[in-house]
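Asker: Numbering (the working numbering), first residue to last: 1003 to 1222.
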Amino acid sequence: MAAGPGLVRAASVNAFPPIPGPAADHPPLWLVLDACVLMSSILRPLLLDLAQIGWFRPVWSERIGQEWRRNAARIWEVEPAVLEEEWASMGRRFPEANAGDVSAYEVGLHYSDPKDRHVVAAGLASRARSARLVRPEVCVLTWNLKDFNRSELRRLDVSVRDPDRQLAAWVDQDRVSLAAALRRLPEYARTLGRDESPAAILRRERLFRTARLLADDIDS
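(1) Assign P1116 to buried or exposed, taking buried as 16 or more other Cβ atoms, counted over all protein chains shown, within 10 Å of its Cβ.
(2) For D1174, is the classification buried or exposed, using 16 other Cβ atoms within 10 angstroms of its Cβ as the cut-off for buried?
(3) Out of A1130, L1215, N1073, L1040, point me to the one whose CA is closest to A1170's CA.
(4) So, S1132 versus V1061, is the Cβ gap smaller than 8 Å?
(5) Could you check if I1044 is buried or exposed, using at least 16 other CB atoms within 10 Å of its CB as the buried criterion?
(6) Enumerated in chain order, which unbroken segments of the beta strand (DSSP E) with a length of 3 residues or greater are wholly contained in the segment 1129-1200?
(7) Let me know the alpha helix (DSSP H) ranges lying completely inside the segment 1048-1083, each 4 residues or longer, listed in chain order.
(8) Do you know offhand how far D1176's Cα is from I1055's?
(9) Drop a sphere of 10 angstroms on the beta-carbon of V1104, count the other beta-carbons inside from all chains shown, and report buried for 16 or more, exposed for fewer.
(10) Tell me whether V1034 sits in a helix, a strand or coil according to DSSP, three-state version.
(11) Look at V1140 and F1150 and say whether their C-beta atoms are less than 8 Å apart.
(12) At what residues does the alpha helix (DSSP H) containing A1213 begin and finish?
(13) Contact defined as beta carbons within less than 8 Å: I believe A1181 pairs with A1201. What is the distance between those atoms, to the nearest angstrom?
(14) Use the C-beta contact count for P1047: other C-beta atoms within 10 angstroms, 16 or more gives buried, fewer gives exposed.
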């Protein structure tokens, strides 16, 4: 598992120079951030910084937050109080991200892993309660693709992909801006006591497709 001990605070967007937003024709995209994605102290702040400037809207739930905090405290030996504050900071930064009570939206799910249906339900609940005129694309962002039944999600107009595939899609959408964002990766790594190049960080984070696509863009 990548990006271990230590936390890059959710407010990191204010600590580093600004990064470019997405292209103007960026469609509304809501990403449900699974607990396994939040575990990375590189990927989590990167995604939150991208969300801050409009690449997507993050979605989560209290249960997702509980799973992340429990696993991070156990695996990375981070004090629970530190994780609680980080979770609260994420909530203040993205007050609309929490889907609230999602139990009613788990009822119709039968084929995805029972332990992960709440993740899909968070996306369904957020979309159902949205007042947006334009229906957003809802996608579960997870490393545990096998736990989500693609046919079931397709019927619900929900997609599922891993972070590497999502970043690669953004490369196709706006290569220049995404490369600029990823060139900041060493800044996140330095807060964890590591001095690495963007390409090395991408490989450590298992973002191999993205590293290949941007091999000539991020280490220059």
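For each residue, glycine too, the CB sits at the ideal point set by N, CA and C. Quick caveat: nothing in here was measured; it's all calculated off a predicted structure.
Answerer: Let me spell this out:
(1) Walking along the sequence shown from the start, residue 1116 turns up at place 114. The residue is exposed, with fewer than 16 neighbouring Cβ atoms inside 10 Å.
(2) By 1-based counting over the sequence shown, the position of residue 1174 is 172. Classification for D1174: exposed.
(3) Indexing the sequence shown from 1 puts residue 1170 at position 168. Ranking the options by Cα distance to A1170, first place goes to L1215.
(4) Locating residue 1132 in the sequence shown gives position 130, counting from the first residue. Locating residue 1061 in the sequence shown gives position 59, counting from the first residue. Their beta carbons are not under 8 Å apart, which means S1132 does not touch V1061 by this criterion.
(5) Here residue 1044 refers to the residue found at position 42 when the sequence shown is read from its first residue. Buried, because 16 or more other Cβ atoms sit within 10 Å of the Cβ of I1044.
(6) 1139-1143, 1160-1163
(7) Counting only runs of 4 or more, we get 1064-1077.
(8) The residue labelled residue 1176 in the question sits at position 174 within the sequence shown. The residue labelled residue 1055 in the question sits at position 53 within the sequence shown. Going from the Cα of D1176 to the Cα of I1055 covers about 14 Å.
(9) Start at 1 with the first residue of the sequence shown, and residue 1104 comes out as number 102. Buried is the call here.
(10) Residue 1034 sits at position 32 when you count from the first residue of the sequence shown. Strand at V1034.
(11) Residue mapping note: residue 1140 aligns to position 138 of the sequence shown, counting from 1. Residue mapping note: residue 1150 aligns to position 148 of the sequence shown, counting from 1. Cβ atoms of V1140 and F1150: not closer than 8 Å.
(12) Within the sequence shown, residue 1213 is the residue found at index 211, counting from 1. Its alpha helix (DSSP H) spans residues 1210-1215.
(13) Residue mapping note: residue 1181 aligns to position 179 of the sequence shown, counting from 1. Residue mapping note: residue 1201 aligns to position 199 of the sequence shown, counting from 1. At roughly 12 Å, the Cβ-Cβ gap does not stay under 8 Å, so A1181 and A1201 are not in contact.
(14) For the purposes of this step, residue 1047 is identified with residue 45 of the sequence shown, where counting begins at 1. With 16 or more other Cβ atoms within 10 Å, it is buried.
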